[in-house]
Amino acid sequence: MTETSVSSTFLLLLGPALAFTATLVSLLLASNRNIQNYSTNLLLVLSGVATVISGIMGLLAAPIAITLPIGLPGLPGLPELPIHLRLDALAGFFLVVVGLLVAFVAIYSVGYIKSLQVGRSLTPLCVFMSLFILGMQGVVLADDSYAFMICWELMSVASYFLVVYEHEKEANHKAGFLYLLMAHLGGLLILSSFSILFVNGHSFEFAAMRTAVLTPFSASMVFLLAGLGFGMKAGLMPLHVWLPEAHPVAPSNASALMSGIMIKVAIYGFLRVVFDLVGLETSAWWWGGLVLAIGSSSVVGGVLFALQQHDLKRLLAYHSVENIGIIAIGIGLSMVFMHFGHPSLAALGLVAALYHTLNHALFKGLLFMGAGAVLHATHSSNMGDMGGLIRRMPITAALFLIGCLSISALPPFNGFVSEWLTFQAALMAPSLEGTPLSALIPFSAAMLALAGALTATCFIKVFGIVFQGTPRKPAAAEAHEVDRWMLMGMGGPALLCILLGLLPVYVIPLIAMVPKILIQNGQLESLVQNGWLWLTPISSERASYSPPIVMMAFILAGIIAFLMYRRGKPVRRAALWSCGHPHLNARMQYTATSFSQPLRHIFSDIYHPEEKNTRSDHGHHLLVKRVRYSVHIRDLVWDYLYIPIWHLMEWVVNGVGWLHKQRLQGYLTYIFVTLLVLMGFLI
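Following our numbering from start to finish, the sequence shown increments by one per residue and tops out at 683.
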């Protein structure tokens, strides 16, 4: 630990201070929408930039710790609780992730807020967006459980008010209630994990918790409680049910932050508690196996349900479940390899997970901002109302396409690099021969491969239905390109999706600082030992990848195709074949429902689709006038987990309901019996 200089403290606090200032400014300037919009988002851009600088400092420098003379004063029987902050490599990496997307979303928000209804107050949106960002920054920097939980609750409550911003809509109220319920249940579980660490470490500070000696049972309880609590916020299956409800109804700039950053803050919390405070040295073999299994189910389940969605933002929310599953697979691999004595492979798994954390923040933030641009232009998030937008919104379409290619893990974009690294770690499963988990890792890799193919299919559907073809509704036909601020906000993450795919060798050494502090002997010298051109996870004899060469191959193939097109015969243009109908219309195109029908049939045992056909005719069944087909697919987690739990709770409540219907004598009897039981324990 180094002594904290004034400049280091200033940089550490600058990002949160600017976010807090943005909160005050948005309140003071509430009377002028235009000035409020520009000033608040300018401060948030600066906060994002300052947060990135602090994060890079954390990755490159020694850990920095400071104690703020604010907090809970000492009370009789209770110690003083000042706020402790700490910046190390783990916090630094997540500060970079937070800061990058905050800056881009704040730029985007300038144009997005202009498009909101004039009569609606911007103050709740600006205030709670700023507090939301402040809460996320505080969670990452907190160095005691007291400060951590305060910032965690600030993040949760502020994001709840963003979800219910359009409070007149019933869907927002339902989603907000579900989100708040899951958030506080998760917070209670996290608090329980901290309580076990407090009992053993005798302090709220993380430094004392790191030195606590835990029994195997206590360590496993902390792992399970933290895993459940952070898993709820991250959206891992089967704890994901709030995510596809809350993200679609929140404002699109808030959705970008919630899906791009907030669920990653939960990943940070899990790593901080399990990898840092508890330590993998005390882990049981089944810890990593459980994380792998949950990650695998999230990967496949998330993409399968995303394929059947018609609402663009709801589809993207389910893909967040899938991508959090990919991150969980990398973390699970790291835990498994570390337990069985392979620290280098453990470091590779963790680097893959962290690289995908950064990548997902960028391309999912880009996709949600793109969805917001489409919603602004068409006034709908239903893909069935869109079509032909590539001609009316060409820049948005190009930026959205970059996000689609990145999330589909196609080279040379960033999503491919992190998923390829995850596969390389999984392919080292033979190193665990004879262990209980040697078969689970290949299964997880197979699930990841299946999810990759299904993701590509899903985003072919998304881009084709939304941007290609002809407009399905008048609003799509009248759409226009969005504000330049929104385009600039989307352009930043789109550019980074390309750069992180082409030049990972410059980023991975920074990310590799994290396993150095979390994993004993977790070194990855071989990964970038062959220079900027090649990425080599284990050794060049096993596998290597060169993003620049792949990019040059694509460019060369494009040039050859263009020359062949120019030198070939003239293209004869003709009308589209309409199957004998005199006129083509938008109803003859593929819909989101029809595109995914084959997969709905293949995976019918998972979907259990509720299909309905209604038809009308001209007085005879052969003279069909109209056929209407509809299909409804429920998330089976509701049917097989949450609804049975609800029925059980109802049964318990009804079973003890007679207690409050007693007379005074009955209540006195209960009190007397309770006192006898308590006295028995005391004696």
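For glycine and all other residues, C-beta sits at the position ideal for the given N, C-alpha and C.
Owing to the predicted nature of the structure, the values given are computational and were not obtained by experimental measurement.
For the region 301-365, the continuous alpha helix (DSSP H) assignments of 4+ residues that do not extend past its boundaries occur at 312-339, in sequence order.
Using a C-beta cut-off of 8 Å, the region 163-182 makes no contact with the region 190-205, since fewer than three inter-stretch Cβ pairs fall below that distance.
Here LEU68 is bridged, per DSSP, to ILE83. Per DSSP, SER616 is one residue of the beta strand (DSSP E) stretching across 610-617. Closest in alpha carbon position to MET393, among GLY372, LEU678, PHE413, is GLY372. Bridge pairing for ASN382: ASP311 [DSSP]. Around the beta carbon of TRP651, fewer than 16 other beta carbons lie within 10 angstroms, which makes this residue exposed.
Beyond the five residues adjoining it in sequence on each side, HIS240 comes within less than 6 Å, by CB distance, of VAL321 in the same chain, given in chain order.
With contacts defined as CB atoms closer than 7 Å, MET335 and GLY288 qualify as a contacting pair.
For PHE603, there is no enclosing alpha helix (DSSP H), as DSSP marks it with neither H nor E. Burial state of LYS461 is buried, judged by a 10 Å Cβ sphere holding 16 or more other Cβ atoms.
Between PRO251 and LEU162 the beta-carbon gap is near 7 Å, inside 8 Å, which marks them as a contact. Under the three-state reduction of DSSP output, ASP276 falls in the helix class. Not a single unbroken stretch of the beta strand (DSSP E) spanning 3 or more residues falls wholly within the region 451-477.
Assigned with DSSP and collapsed to three states, HIS173 falls in helix. Of the other Cβ atoms in all chains shown, 16 or more fall within 10 Å of the Cβ of ARG272; this residue is therefore buried. Rounded to whole angstroms, the gap between the alpha carbons of HIS247 and ALA30 is 26 Å. Secondary structure of ALA62 (DSSP, three-state): coil. Between the region 86-103 and the region 117-129, the count of Cβ pairs shorter than 8 Å is below three; the stretches do not touch. The alpha helix (DSSP H) runs of length 4 or more contained entirely in the region 115-189 are, from start to end of the chain, 123-141, 145-163.
In this structure, GLY388 and ALA476 form a Cβ contact; the two beta carbons are roughly 6 Å apart against a cut-off of 8 Å.
With fewer than 16 other Cβ atoms inside 10 Å of its own Cβ, VAL6 counts as exposed.
Apart from sequence neighbours up to five positions away, the residues of its chain that approach ALA142 with a beta-carbon distance below 7 Å are LEU85, PHE148, CYS151, ordered along the chain. For VAL571, there is no enclosing alpha helix (DSSP H), as DSSP marks it with neither H nor E. Under DSSP, GLU205 shares a beta bridge with ASP144. In this structure, VAL278 lies near ALA219, with their beta-carbon atoms less than 7 Å apart. By the C-beta criterion, the region 627-640 is judged not to be in contact with the region 496-506, since fewer than 3 inter-stretch pairs fall below 8 Å. Separation of PHE363 and PRO493 (C-alpha to C-alpha, rounded to the nearest whole angstrom) is 7 Å.
HIS632 has GLU610 as its beta-bridge partners, per DSSP. The beta carbon of LEU185 sits closer than 7 Å to those of MET232, all from its chain and outside the five residues before and after it, given in chain order.
The Cβ neighbour count for CYS458, taken over all protein chains shown within 10 Å, is at least 16; the residue is labelled buried. The continuous stretches of alpha helix (DSSP H) do not include ALA439, and DSSP gives it neither H nor E.
Shortest Cα-Cα distance from ILE395 to any of PHE423, MET383, MET490 involves MET490. The beta-carbon distance between GLY403 and LEU366, rounded to whole angstroms, is 4 Å. This is short enough to meet the 8 Å contact definition.
Closest by C-alpha distance to SER130, out of ALA207, ASN41, SER54, THR211, is ASN41. Judged by DSSP in its simplified three-state form, TYR545 adopts strand.
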